[in-house]
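A quick write-up on the structure given underneath.
Residue numbers (the working numbering): 54 to 241.
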């Protein structure tokens, strides 16, 4: 049994308009904990089209991405149809409930990579070495991320779990000069 329900189209109110925003798919029930947004919206498919969803929302603890019908989210590359494997990778939330997400390779032919800055510095996800962390703002590339024919299947990651948000830095308050709170209350 798969972790999430098969990807289903979001209600019309959540779909993009005809401006290239494309289709949104959701895996699982409840509020999404992870959202992937297609980096290049020109590659997004519209309602009823085959292609790449503009937005993927994951409300389950795990989801598979690939071009095969067995994947939780079906991704069809328009530029390079064989770029995405049938079951390409798996996204999974940490079991400790902390809200951290990882991506694991499922034996794809063209690979998976994560870039925390989105401008290079790719970390290749290897099946032999295990999963790679998905951080808020990172870019997930499904397929070749370099060379003459890089994949257009690139998604910006947004971690939506409240538990995954950074805690306030208590040392920032401690670093304030003595009397700062008193002075601030007098000014305001």
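We put the CB at the ideal spot given by N, CA and C, even for glycine.
Just so it is clear, the structure is predicted and the values come from calculations on it, not from any experiment.
#### Entry: Terminal residues of the beta strand (DSSP E) in which residue 168 lies
165–168
#### Entry: Collapsed DSSP secondary structure at residue 158 in the structure displayed
strand
### Assigned exposure category for residue 95 - 16 Cβ within 10 Å defines buried
exposed
### Query
Is it right to say residue 164 is buried, meaning 16 or more other beta carbons lie within 10 angstroms of its own, or is it exposed?
buried
### Query
Exposed or buried, residue 106, counting other C-beta atoms within 10 Å across all chains shown (16 or more means buried)?
buried
### Query
Does residue 194 have its Cβ less than 8 Å from a Cβ in chain B?
You won't find chain B in this structure, because it holds only one protein chain.
### Task
Would you decide whether residue 174 is buried or exposed? Buried here means 16 or more other CB atoms lie within 10 Å of its CB.
exposed
### Query
Run through DSSP, which three-state label would residue 113 get?
coil
### Message
Please report the straight-line C-alpha distance between residue 180 and residue 142, rounded to a whole angstrom.
### Response
10 Å
### Task
Output the boundary residues of the beta strand (DSSP E) element that contains residue 77.
77–80
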